[in-house]
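Trainee: The structure follows.
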Amino acid sequence: MAKKESIQKRLQKIRPPRVQLTYEVERGDAIEIKELPFVVGVMGDLAGQSEVEQPRLRDRKFVNIDRDNFDDVMKGIEPRAAFQVENRLSEAGGKFGVDLRFNSIADFDPDAIVQQVEPLRRLLEARSKLADLRNKLAGNDKLEDLLSEVLHNTQQLQSLAHDAGGATTPEHNRPHDDQQRD
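Quick note on the numbering used here: the sequence shown kicks off at 785 and runs consecutively.
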């Protein structure tokens, strides 16, 4: 009589489990290896401050979540976190609101979170533009000389700032003691 293949052995062919629990049982003089299924149940309100109406606790069903359906479950729950944080991006201080929505595991990525927080998104855009400028300057001596001349000529800089709608004074143009010039 052929021994029935365990579920763990079948799953191992498809996707090997990360945790395998086995124990030995003595039956007479023979030792038999038994396998235990590894099942984890998590109970909790994972929706956070979701705007989707959730069923009453007693009406909720268990949801089987694995790496293949994680994003689909997230879309169904639509978890959300809304809160106020200290504004450390400006000297004015104060607080600003953060409203994070998660529809997939990728939404937990730091870059995805930055895209959802407006002040951080603007900073990231400015950083990207500065990186693009730095890359354009690499090997382009003419452009580097032109920018250097504009930065050192305060009258030109004020004219450019006025044309752009900003106001600048020579005090704003001087590097601080802790900054180094290239």
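Each residue gets a CB set at the ideal place from its N, CA and C atoms; glycine is no exception.
If you draw a straight line from the C-alpha of Glu816 to the C-alpha of Ile798, how long is it?
Mentor: Here residue 816 refers to the residue found at position 32 when the sequence shown is read from its first residue. Here residue 798 refers to the residue found at position 14 when the sequence shown is read from its first residue. Roughly 25 Å separates the two Cα atoms.
Trainee: How would you label Phe822, buried or exposed, when you count the other beta carbons within 10 angstroms and need 16 or more for buried?
Mentor: Translated into the one-based positions of the sequence shown, residue 822 becomes position 38. Counting every other CB atom within 10 Å of its CB across the protein chains shown gives Phe822 a total below 16, marking it as exposed.
Trainee: Could you tell me which whole alpha helix (DSSP H) segments of length 4 or greater appear in the stretch 883-952?
Mentor: 894-900, 902-921, 925-936, 938-948
Trainee: Quick one: give me the first and last residue of the beta strand (DSSP E) that Lys818 is part of.
Mentor: Within the sequence shown, the letter at position 34 stands for residue 818. That run of the beta strand (DSSP E) goes 814-820.
Trainee: Would you report the Cα separation of Val1043 and Ala876, rounded to the nearest angstrom?
Mentor: Since the first residue of the chain shown is 785 and the last is 966, residue 1043 is not available in this structure.
Trainee: Using only the alpha-carbon positions, how far apart do Asn848 and Ser834 sit?
Mentor: Residue numbering aside, residue 848 sits at position 64 when the sequence shown is read from its first letter. Residue numbering aside, residue 834 sits at position 50 when the sequence shown is read from its first letter. Roughly 20 Å separates the two Cα atoms.
Trainee: Touching or not, the stretch 913-932 and the stretch 882-899, by the rule of three or more beta carbon pairs under 8 Å?
Mentor: no
Trainee: CA-CA distance, Val928 and Glu909?
Mentor: Position 144 of the sequence shown, counting from 1, holds the residue named residue 928. Position 125 of the sequence shown, counting from 1, holds the residue named residue 909. At residue 928 the sequence reads Glu, which differs from the Val that was named. Computed Cα separation, rounded: 22 Å.
Trainee: Does the Cβ of Met858 have 16 or more other Cβ atoms within 10 Å, making it buried, or fewer, making it exposed?
Mentor: For the purposes of this step, residue 858 is taken as residue 74 along the sequence shown, with counting starting at 1. Met858 comes out buried.
Trainee: What's the call for Phe854, buried or exposed, on a 16-neighbour Cβ count within 10 Å?
Mentor: The residue you call residue 854 lines up with position 70 of the sequence shown. The residue is exposed, with fewer than 16 neighbouring Cβ atoms inside 10 Å.
Trainee: Tell whether a beta-carbon distance below 9 Å holds between Glu808 and Lys818.
Mentor: Residue numbering aside, residue 808 sits at position 24 when the sequence shown is read from its first letter. Residue numbering aside, residue 818 sits at position 34 when the sequence shown is read from its first letter. In contact: Glu808 and Lys818 (Cβ atoms closer than 9 Å).
Trainee: Short check: CB of Pro863 to CB of Ala814, under 9 Å?
Mentor: Numbered from 1 along the sequence shown, position 79 holds the residue referred to as residue 863. Numbered from 1 along the sequence shown, position 30 holds the residue referred to as residue 814. No. Outside cutoff.
Trainee: Helix, strand or coil: which one does DSSP assign to Arg872?
Mentor: What you label residue 872 is simply residue 88 of the sequence shown in a count that begins at 1. The answer is coil: DSSP assigns Arg872 none of H, G, I, E or B.
Trainee: First and last residue of the beta strand (DSSP E) that includes Val809?
Mentor: Taking the sequence shown and counting its residues from 1, the one referred to as residue 809 is at position 25. Per DSSP, Val809 belongs to the beta strand (DSSP E) from 805-811.
Trainee: On the three-state DSSP scale, how would you describe Arg864?
Mentor: Here residue 864 refers to the residue found at position 80 when the sequence shown is read from its first residue. It is a strand residue.
Trainee: Could you tell me the alpha carbon to alpha carbon distance between Leu930 and Gln940, rounded to whole angstroms?
Mentor: The residue you call residue 930 lines up with position 146 of the sequence shown. The residue you call residue 940 lines up with position 156 of the sequence shown. When rounded, the distance between both Cα atoms is 11 Å.
Trainee: Tell me whether the beta-carbon of Gly881 lies closer than 9 Å to the beta-carbon of Gln868.
Mentor: Here the question's residue 881 lines up with position 97 in the sequence shown. Here the question's residue 868 lines up with position 84 in the sequence shown. Yes.
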